[in-house]
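J.: Would you mind keeping the following structure in view while I ask a few things?
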Amino acid sequence: MDFRDVMEPKYRELLENYIKDQSEQALYAGQKFSRKSIEHKISPEEIVSLHKSLLMQMQPDLPENVLYSFDILLEVMIGYGLAYREHQSLRHKQEELRSEMEIAANVQQTLLGTKIPEVDGLDIGAISVPAKHMNGDYFHFVQDENNCISVAIADVIGKGIPAALCMSMIKYAMDSLPENRMGPGSILENLNRIVEQNVDPSMFITMFYGMFNPENNLLSYASAGHEPGFYYDAAKKEFTELSAKGLLLGVEKRTKYSNYHKEVHPGDMIILLSDGVTECRTDDGFIEREILIDYIYKYIHLSAQDIVNKVFKDLEKLQHFQLRDDFTLIILKRKV
Amino acid sequence: MSIQSCVTIINEWDIVAARQLGRNVAKELGFGTVDQARITTAISELARNIYLYAGKGQICIDKLFDGGKPGVKISAIDSGPGISDIRQVMEDGYSTSGGLGAGLPGVKRLMDQFEIESIPGDGTKIKATKWLR
Amino acid sequence: MNLSINIKETDILLEISVEGEIDAYTAPQLRERLFPLSEKNGVNMEINLSGVSYMDSTGLGVFVGVFKNVKANNGQFKINGLSGRLQRLFEITGLSDIIDVNSQIEGEVK
Numbered sequence: 001m002d003f004r005d006v007m008e009p010k011y012r013e014l015l016e017n018y019i020k021d022q023s024e025q026a027l028y029a030g031q032k033f034s035r036k037s038i039e040h041k042i043s044p045e046e047i048v049s050l051h052k053s054l055l056m057q058m059q060p061d062l063p064e065n066v067l068y069s070f071d072i073l074l075e076v077m078i079g080y081g082l083a084y085r086e087h088q089s090l091r092h093k094q095e096e097l098r099s100e101m102e103i104a105a106n107v108q109q110t111l112l113g114t115k116i117p118e119v120d121g122l123d124i125g126a127i128s129v130p131a132k133h134m135n136g137d138y139f140h141f142v143q144d145e146n147n148c149i150s151v152a153i154a155d156v157i158g159k160g161i162p163a164a165l166c167m168s169m170i171k172y173a174m175d176s177l178p179e180n181r182m183g184p185g186s187i188l189e190n191l192n193r194i195v196e197q198n199v200d201p202s203m204f205i206t207m208f209y210g211m212f213n214p215e216n217n218l219l220s221y222a223s224a225g226h227e228p229g230f231y232y233d234a235a236k237k238e239f240t241e242l243s244a245k246g247l248l249l250g251v252e253k254r255t256k257y258s259n260y261h262k263e264v265h266p267g268d269m270i271i272l273l274s275d276g277v278t279e280c281r282t283d284d285g286f287i288e289r290e291i292l293i294d295y296i297y298k299y300i301h302l303s304a305q306d307i308v309n310k311v312f313k314d315l316e317k318l319q320h321f322q323l324r325d326d327f328t329l330i331i332l333k334r335k336v
Numbered sequence: 001m002s003i004q005s006c007v008t009i010i011n012e013w014d015i016v017a018a019r020q021l022g023r024n025v026a027k028e029l030g031f032g033t034v035d036q037a038r039i040t041t042a043i044s045e046l047a048r049n050i051y052l053y054a055g056k057g058q059i060c061i062d063k064l065f066d067g068g069k070p071g072v073k074i075s076a077i078d079s080g081p082g083i084s085d086i087r088q089v090m091e092d093g094y095s096t097s098g099g100l101g102a103g104l105p106g107v108k109r110l111m112d113q114f115e116i117e118s119i120p121g122d123g124t125k126i127k128a129t130k131w132l133r
Numbered sequence: 001m002n003l004s005i006n007i008k009e010t011d012i013l014l015e016i017s018v019e020g021e022i023d024a025y026t027a028p029q030l031r032e033r034l035f036p037l038s039e040k041n042g043v044n045m046e047i048n049l050s051g052v053s054y055m056d057s058t059g060l061g062v063f064v065g066v067f068k069n070v071k072a073n074n075g076q077f078k079i080n081g082l083s084g085r086l087q088r089l090f091e092i093t094g095l096s097d098i099i100d101v102n103s104q105i106e107g108e109v110k
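Protein chains in written order, with the UniProt record's numbering: chain B, 1 to 336; chain R, 1 to 133; chain C, 1 to 110.
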């Protein structure tokens, strides 16, 4: 049955009950009525009008000036009714936007998807979690015909949708780099020219590019202003900073990037991260890089993928499950 | 068939006159108190827009009889600056967030039919109709 | 989160001091204030960040943008008052090699 048809007798009953004995029970029934009337989109001015007309029926000798007062109440309530309906419509719009964002995030996932390569002698783990819907971090693996494994980790300055759009361009640029073997430095030089030409002048990208050759176990790498990763020396049980000098992509067209080299021994690990990892904010301030090392060390006996997953879980908890920035952590471990 | 009467809007008192005219017509046609209040609120909003943004204009009230069904048509006509982005002013939250009242989306909600035409530099014409149910 | 931006202009120098946190929420405000100033020809801009308790990469983006504008308009650009953490941010990103940061003589009393 339509609520509007039963609304009048229902409200009448409520009113009669309450006028009779002023019980809490009658008031509770009134609260339940309001839930129903809101559900059926009855506006406040309609309730006021209903109230007035029922009152006139039930108390025919009510003084006129009391009845007039309801006209003012009705007029005032019209504005509230409109505000409420506008609120409903805005909420609906917000829902639409949210689902649109979710679709966009899925598209981005597909667009930027990369497969972690399976290589003899190398154990690779990677995790990347956006702070909001869209991820401004990006990582990419390539295995070339010489079995070299390349890994790129990048972070767009800025967050959310603009950063994500920018990242899609970088991925496209990387896919269209010439196939012939270039060192990490020249790859960054190429990307820098593309970013400098095509991206908004206040949008920049940091990137670390590493290339591991399983034949001689040599890691070559270069960095464009990216948060330095770590190198774990298994023999010495020691972490050192994997630092490399280089300017952000997109600032200066003619920037040169140097190549750095490191020999990777069995059990050694290459740890790459985005600044969302080091900018974890906890109750006591930022986590220090040493603390991060402690977390990694705690899980060092596990597989690379388990380490990154567990470190993320721990840091997520430390921040009370609120990420302020996109979080990406990659570990490459040379098998013993 | 339609019978028209108009109020010229120059100052705030004219808004009240337009409301009164609309209420009388609505009452005469048999609209209930809630719909009377809705129609006058719509008139208020349109008249206020004229007073605030155009400086001068007219509110006209028509009695309509469509196949025996009565209705009220409000027309708001001004030759003010006009509206360059109608889509924006018709968006929820645009006028309410600035504390400007229910705005045009509110008028549209209060009435059954709503039409707007505006030429920047030339003026704005809004027609809104409510039918007796 | 609050950000306050103080601008002191003399004939030869545009001194800007920023206080508070610079992140994705406050960076647009900073950008709006600084960009128009950076587009004046031959501007001599000096930014003091000693009152900045936190800055993320969004803030860095604003300063790089401003720096590029100032350079394109033949101006001078300098940032000082960087905390250790911010100094590191400028070093990692390679920006300290192209932007004049914390260049005042060490031990200078302000």
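Built from N, CA and C at the ideal position, the CB exists for glycine as well.
Computed from a predicted structure; not experimentally measured.
1) Enumerate in chain order the residues of its own chain whose CB-to-CB distance from residue 337 of chain B is below 6 Å, with the five nearest sequence positions on each side excluded.
2) With DSSP collapsed to three states, give me the class of E316 of chain B.
3) Hey, does E8 of chain B have any beta-carbon neighbour from chain R nearer than 9 Å?
4) Just the Cα atoms here: how many angstroms apart are L132 of chain R and V156 of chain B?
5) For I98 of chain C, go through chain B and note every residue whose CB falls closer than 8 Å to its CB, in chain order.
6) Does the stretch 262-279 of chain B touch the stretch 231-249 of chain B, meaning 3 or more C-beta pairs lie closer than 8 Å?
7) N41 of chain C by DSSP, collapsed to three states: which one?
8) With a 10 Å radius around its C-beta and 16 neighbouring C-beta atoms as the bar for buried, classify K78 of chain C as buried or exposed.
9) Using 8 Å as the cut-off, can you tell me whether the stretch 51-64 of chain C makes contact with the stretch 19-27 of chain C, which would need three or more C-beta pairs spanning the two stretches below that distance?
10) Could you check the C-alpha separation between R334 of chain B and L219 of chain B for me, to the nearest Å?
11) Can you tell me whether P60 of chain B is buried or exposed, with buried defined as 16 or more other CB within 10 angstroms of its CB?
12) Per DSSP, V76 of chain B is paired with what?
13) Within a Cβ cutoff of 7 Å, which residues of the same chain sit near residue 340 of chain B, ignoring the five residues on either side of it in sequence?
14) If we define contact as Cβ-Cβ less than 9 Å, is R4 of chain B a contact residue for chain R?
15) State yes or no: is the beta carbon of D275 of chain B nearer than 9 Å to at least one beta carbon in chain C?
16) Y28 of chain B: buried (16+ other C-beta within 10 angstroms of its C-beta) or exposed?
17) Give me the Cα-Cα distance between N11 of chain R and E45 of chain R, rounded to the nearest whole angstrom.
18) Tell me whether the beta-carbon of residue 338 of chain B lies closer than 9 Å to the beta-carbon of M77 of chain B.
19) Determine, for S176 of chain B, whether the minimum Cβ-Cβ distance to residues of chain R falls below 9 Å.
20) I'd like to know if D268 of chain B contacts chain C, where contact means its C-beta is closer than 9 Å to some C-beta of that chain.
21) Determine, using beta-carbon pairs with one atom in the stretch 49-59 of chain R and one in the stretch 65-73 of chain B, whether at least three such pairs fall under 8 Å.
22) Just grab the DSSP bridge partners of F65 of chain R for me.
23) Mind listing, in chain order, the continuous alpha helix (DSSP H) runs of no fewer than 4 residues lying wholly within the stretch 26-78 of chain B?
24) Note down, in chain order, each residue of its chain lying with its Cβ closer than 6 Å to the Cβ of D326 of chain B, except the 5 sequence neighbours on either side.
25) What three-state label does DSSP hand M207 of chain B in the structure shown?
26) Within 9 Å (strictly less), CB to CB, does L74 of chain B reach chain R?
27) Does the beta carbon of R12 of chain B come closer than 9 Å to any beta carbon on chain R?
28) In angstroms, rounded to a whole number, what distance separates the CA positions of F141 of chain B and G42 of chain C?
29) Which of the three DSSP states, helix, strand or coil, is assigned to R38 of chain R?
30) Is there a Cβ of chain C sitting closer than 9 Å to that of D325 of chain B, yes or no?
31) Alpha carbon to alpha carbon, how far is N213 of chain B from N147 of chain B?
32) Is S96 of chain C helix, strand or coil when you go by DSSP?
33) Counting only Cβ pairs nearer than 9 Å, list the residues of chain C close to F228 of chain B.
34) Can you pull out the residues from the stretch 75-100 of chain B whose beta carbon lies closer than 8 Å to at least one beta carbon of chain R?
35) At least one CB of chain C closer than 9 Å to the CB of G225 of chain B: is that the case?
36) Quick one: which chain B residues come within Cβ less than 7 Å of P105 of chain R?
T.: According to the structure data:
1) There is no way to answer for residue 337 of chain B, as the model of chain B reaches only from 1 to 336.
2) If you number the first sequence from 1, residue 316 of chain B lands on position 316. Three-state result, E316 of chain B: helix.
3) Along the first sequence, one-based indexing puts residue 8 of chain B at 8. No, E8 of chain B does not count as interfacial toward chain R.
4) Reading the second sequence from its first residue, position 132 is the one you call residue 132 of chain R. Reading the first sequence from its first residue, position 156 is the one you call residue 156 of chain B. Answer to the nearest angstrom: the Cα atoms are 59 Å apart.
5) Position 98 of the third sequence, counted from the first residue, corresponds to residue 98 of chain C. What I98 of chain C touches in chain B: L247, V251 and E252.
6) Yes, since at least three Cβ pairs between the stretch 231-249 of chain B and the stretch 262-279 of chain B fall closer than 8 Å, the two stretches touch.
7) Taking the third sequence and counting its residues from 1, one reaches residue 41 of chain C at position 41. Coil.
8) The residue given as residue 78 of chain C occupies position 78 in the third sequence. Under a 10 Å Cβ-count criterion, K78 of chain C is classified as buried, with 16 or more other Cβ atoms of the shown protein chains found around its own Cβ.
9) Counting C-beta pairs closer than 8 Å gives three or more between the stretch 51-64 of chain C and the stretch 19-27 of chain C, which meets the contact rule.
10) Taking the first residue of the first sequence as 1, we reach residue 334 of chain B at position 334. Taking the first residue of the first sequence as 1, we reach residue 219 of chain B at position 219. Taking the straight line joining both Cα atoms gives about 11 Å.
11) Here the question's residue 60 of chain B lines up with position 60 in the first sequence. Exposed, because fewer than 16 other Cβ atoms sit within 10 Å of the Cβ of P60 of chain B.
12) On the first sequence, position 76 is the one that residue 76 of chain B refers to. Paired residue(s): none; V76 of chain B is not in a bridge.
13) With chain B covering 1 to 336 only, the question about residue 340 of chain B has no answer from this structure.
14) Along the first sequence, one-based indexing puts residue 4 of chain B at 4. Look at R4 of chain B: its C-beta is not under 9 Å from any C-beta on chain R.
15) Your numbering for residue 275 of chain B matches position 275 in the first sequence. So yes, D275 of chain B belongs to the interface.
16) Locating residue 28 of chain B in the first sequence gives position 28, counting from the first residue. Y28 of chain B is exposed by the Cβ-count criterion.
17) Locating residue 11 of chain R in the second sequence gives position 11, counting from the first residue. Locating residue 45 of chain R in the second sequence gives position 45, counting from the first residue. Those two C-alpha atoms are separated by around 14 Å.
18) An answer regarding residue 338 of chain B cannot be provided, because it is not within the stretch 1 to 336 covered by chain B.
19) Indexing the first sequence from 1 puts residue 176 of chain B at position 176. Output row for S176 of chain B: interface = no.
20) Walking along the first sequence from the start, residue 268 of chain B turns up at place 268. Not flagged as an interface residue toward chain C: D268 of chain B, since no C-beta distance is shorter than 9 Å.
21) Fewer than three Cβ pairs drawn from the stretch 49-59 of chain R and the stretch 65-73 of chain B lie within less than 8 Å of each other, which leaves the two stretches out of contact.
22) Within the second sequence, the letter at position 65 stands for residue 65 of chain R. In the DSSP assignment, F65 of chain R is bridged to R:P70.
23) Taken in chain order, the whole alpha helix (DSSP H) runs of length 4 or more contained in the stretch 26-78 of chain B are 44-58.
24) Against the first sequence, residue 326 of chain B aligns to sequence position 326. Closer than 6 Å at the Cβ level, and outside the excluded window around D326 of chain B, lie P130, A131, N135, G136, D137 and G276.
25) By one-based count along the first sequence, residue 207 of chain B stands at place 207. Reduced to three states, the DSSP call for M207 of chain B is strand.
26) Numbered from its first residue, the first sequence carries residue 74 of chain B at position 74. It does: the Cβ of L74 of chain B has a partner Cβ on chain R nearer than 9 Å.
27) To locate residue 12 of chain B, count along the first sequence from 1; it is residue 12. So no, R12 of chain B is outside the interface.
28) Along the first sequence, one-based indexing puts residue 141 of chain B at 141. Along the third sequence, one-based indexing puts residue 42 of chain C at 42. Taking the CA atoms as reference points, F141 of chain B sits about 45 Å from G42 of chain C.
29) Along the second sequence, read from residue 1 onward, the residue named residue 38 of chain R stands at position 38. The answer is helix: DSSP assigns R38 of chain R an H, G or I state.
30) Translated into the one-based positions of the first sequence, residue 325 of chain B becomes position 325. So yes, D325 of chain B belongs to the interface.
31) Your numbering for residue 213 of chain B matches position 213 in the first sequence. Your numbering for residue 147 of chain B matches position 147 in the first sequence. The C-alpha of N213 of chain B lies about 7 Å from the C-alpha of N147 of chain B.
32) Here residue 96 of chain C is taken as the residue at index 96 of the third sequence, counted from 1. Correct three-state label for S96 of chain C: helix.
33) The sequence position of residue 228 of chain B within the first sequence is 228, counting from 1. A small fix is needed here, since residue 228 of chain B is Pro in this sequence, not Phe. Those are I92, listed as they occur along chain C.
34) Against chain R - using a Cβ distance shorter than 8 Å - the residues of the stretch 75-100 of chain B are E75, I78, G79, L82, A83, R85, E86, S89, L90 and K93.
35) On the first sequence, position 225 is the one that residue 225 of chain B refers to. At least one chain C Cβ lies under 9 Å of G225 of chain B.
36) Within the second sequence, numbered from 1, the residue matching residue 105 of chain R stands at position 105. E86, listed in chain order.
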